[in-house]
Structures are given as C-alpha cells and as structure tokens.
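What follows is the structure, given as structure tokens:
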C-alpha cells in the first residue's frame, strides 16, 4: 500500500445513530460502522438501513469501512452497501482466502482472529482484494484458551506474525482493541507498544481512546524536523548525514514521518473548526 495508513480506527455500532453522529465529528482517521458483533440479531436490519443512510450523508475526510457479518448475513450486508459503498469492507474471522467475498465492491480489510487465520495470514494478505490485516485479539485469545483474556505477552508471536505478513505482502496492519475503556494510562501504554511492534494503527472501541491512539502514532517534532532535513538532501544511495551514514531506506522512512506529521496537522485543523 502506498497510501498512508490510518492510525486510529474506531468501531461504531451501526444500530446506534447517536454513536454514528458523534463519530462523524471525531478525530478518528477511520470509522468502522459495525454490523457484526456490536449489533444484536434483532437489530441487524435496522443497522443495515442506518449504515446505508450514513454512507449517503458522508463523513468528510474520515475514511469509512463497514464490518459485515460472516455466513448468511454477509450477503444481506453487501446488498445494503451496493448503492453507496464505503471505502473498505472489514471481513471478520478470516481463516483462509476462500472466506473472502468474491463480490465485494471495494477493497477488503481481513480480520485475523483465529489460529487458522494466523497460520494462513500470508495467503490471506496475498489476495489481491485485501489491503490490510486487523488483529482480532478478543477472539484470538479465546481460541487460544488464554486464561486471562487478552494477554499481549502470550499473544506476542501472533501479533508479530501479523506485522511480518503485512510487511512482506505490502498491506496495512492494525493492532487489536483494548477493552480497558476507563483506563487511559493502560490504553496509552498498549498503543505505544503496538506502534513499537510496527503496526500502522490500532482499532478502538470507544471515542475516548482516539486522542491517546493518535498521540502514540504521532512523530516527535524533533524527528519530523530531522526527517525534513534528510529529505532535503535529495540524494540517492549511501551518504553522510549529521555524523552518520544513511541510505535510501532512511529517506523512505523520513518521508513516512513527514506524511504522518502532515496528516496530524490536517486532522487538528479539521477538528478545531
């Protein structure tokens, strides 16, 4: 993927109009209108109608995805999105490429939330329809029989595998959710850990987590200024820079840093208006 990945990816229950309206004015980089786990069975049809209406109304500069259901509900979800498709469709519990819908109108984000999904992640990410992987940690922890829920140390192999596969395949990768809605320090620490692992961003379950998530992926101002100096060299290959040697890969990293800083500046302007 050449486009800059979203850092903050907020799930919004699609059957709650007030939550959708609130998310529309948030600082999230991407909103995932959720038709799956967050929506009770009795509210599925109402949620589909709400998503269709929300997509028509638009979300400004915020990227929009819709998480559809597995099984028979997926066809109904996709039909509801046909008239006004989102930017992306999130497919839950992808174990293998065959689980991906053939008739999706937009690129797919595949959720890796089972042992089979982790083991077959390379084939999933290699599918031309897939532009990103999402770590589904709640289900993965359950499938692995972890005794204490989401234990990131116990999940470290799976988390690193998702990042490795994403980088090898040239797609995005997003860290899983943090269930601690009211524990901002714990969430912030987890977001920073996800950034250090190499994830492009993190999925969120509450708007209160957006600011800390964006901060975790925001480059330090000094790093931004250094990146601008590196790019200004306009050289190729190995060269000397401020007492050390740099190569083309350092220039590429500097461009990513600048792009992230510019995105953060635009986001700040949009939310302050």
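In full-length UniProt numbering, the protein residues as written are 1 to 273.
The C-beta atom is built at its ideal place from N, Cα and C for all residues, glycine as well.
DSSP-derived helix/strand/coil call for residue 203: On the chain shown, residue 203 is found 203 positions in, with the first residue counted as 1. Residue 203 falls in the strand class under three-state DSSP.
Cβ-Cβ separation, residue 8 to residue 214 (assumed contact under 8 Å), whole Å: In the chain shown, counting from the first residue as 1, residue 214 sits at position 214. In the chain shown, counting from the first residue as 1, residue 8 sits at position 8. With a Cβ gap of about 5 Å, residue 214 and residue 8 count as contacting.
Residue 213 (DSSP reduced to helix, strand or coil): Position 213 of the chain shown, counted from the start, is the residue given in the question as residue 213. In this structure, residue 213 counts as helix in the three-state DSSP scheme.
Rounded separation between residue 87 and residue 243 - CA only: Counted from its first residue, the chain shown places residue 87 at position 87. Counted from its first residue, the chain shown places residue 243 at position 243. Distance between the alpha carbons of residue 87 and residue 243: 44 Å.
Contained beta strand (DSSP E) runs [length at least 3] in the region 59-86, N- to C-terminal order: Fully enclosed beta strand (DSSP E) runs of no fewer than 3 residues occupy 63-67 of the region 59-86, in order along the chain.
Residue nearest to residue 110 in terms of C-alpha spacing, selected from 162, 179, 252, 234: Mapped onto the chain shown, residue 110 falls at position 110. Per the Cα distances, 162.
The beta strand (DSSP E) enclosing residue 34, as first and last residue numbers: One-based indexing of the chain shown puts residue 34 at position 34. Per DSSP, residue 34 belongs to the beta strand (DSSP E) from 30-34.
Minimum C-alpha distance to residue 193 - residue among 174, 181, 206: Indexing the chain shown from 1 puts residue 193 at position 193. Comparing Cα positions, the closest option is 174.
Same chain, Cβ closer than 8 Å to residue 228, neighbours up to 5 away in sequence not counted: As a working mapping, residue 228 is identified with position 228 in the chain shown. Excluding residues within five positions, the ones whose Cβ falls inside 8 Å are 254, 258.
Cβ pair residue 112, residue 133 closer than 7 Å: Within the chain shown, residue 112 is the residue found at index 112, counting from 1. Within the chain shown, residue 133 is the residue found at index 133, counting from 1. Contact flag set, yes.
Spatial distance of residue 208 from residue 237 (CA atoms): In the chain shown, residue 208 corresponds to position 208, counting from 1. In the chain shown, residue 237 corresponds to position 237, counting from 1. Each residue's alpha carbon lies about 44 Å from the other.
Residue 96, DSSP secondary structure in three states: Position 96 of the chain shown, counted from the start, is the residue given in the question as residue 96. Judged by DSSP in its simplified three-state form, residue 96 adopts coil rather than helix or strand.
Where residue 55 falls, given that 16 or more other Cβ within 10 Å makes a residue buried: Within the chain shown, numbered from 1, the residue matching residue 55 stands at position 55. With 16 or more other Cβ atoms within 10 Å, it is buried.
Contact set for residue 43: own chain, Cβ-Cβ below 6 Å, skip 5 residues either direction: As a position in the chain shown, residue 43 is number 43, starting the count at 1. Here the set comprises 15.
Per DSSP, cross-strand counterpart(s) of residue 133: Residue mapping note: residue 133 aligns to position 133 of the chain shown, counting from 1. Per DSSP, 110, 173.
Through-space distance from residue 126 to residue 195, alpha-carbon basis: For the purposes of this step, residue 195 is taken as residue 195 along the chain shown, with counting starting at 1. For the purposes of this step, residue 126 is taken as residue 126 along the chain shown, with counting starting at 1. Each residue's Cα considered, the two are about 23 Å apart.
Whether residue 106 touches residue 89 by CB criterion (7 Å): Locating residue 106 in the chain shown gives position 106, counting from the first residue. Locating residue 89 in the chain shown gives position 89, counting from the first residue. Against a cut-off of 7 Å, the Cβ pair of residue 89 and residue 106 comes out as a contact.
Residue 13 beta carbon less than 7 Å from that of residue 38: Residue numbering aside, residue 38 sits at position 38 when the chain shown is read from its first letter. Residue numbering aside, residue 13 sits at position 13 when the chain shown is read from its first letter. Contact: yes.
Pairwise C-alpha distance: residue 57 and residue 206: Reading the chain shown from its first residue, position 206 is the one you call residue 206. Reading the chain shown from its first residue, position 57 is the one you call residue 57. C-alpha separation (whole angstroms): 22 Å.
Through-space distance from residue 170 to residue 164, alpha-carbon basis: Counted from its first residue, the chain shown places residue 164 at position 164. Counted from its first residue, the chain shown places residue 170 at position 170. Distance between the alpha carbons of residue 164 and residue 170: 10 Å.
Neighbourhood of residue 69 by C-beta distance below 7 Å, restricted to the same chain and skipping five residues each side: By 1-based counting over the chain shown, the position of residue 69 is 69. The residues are 35, 36, 77.
Separation of residue 118 from residue 158, as counted between CA atoms: To locate residue 158, count along the chain shown from 1; it is residue 158. To locate residue 118, count along the chain shown from 1; it is residue 118. In a straight line, the C-alpha of residue 158 is about 6 Å away from that of residue 118.
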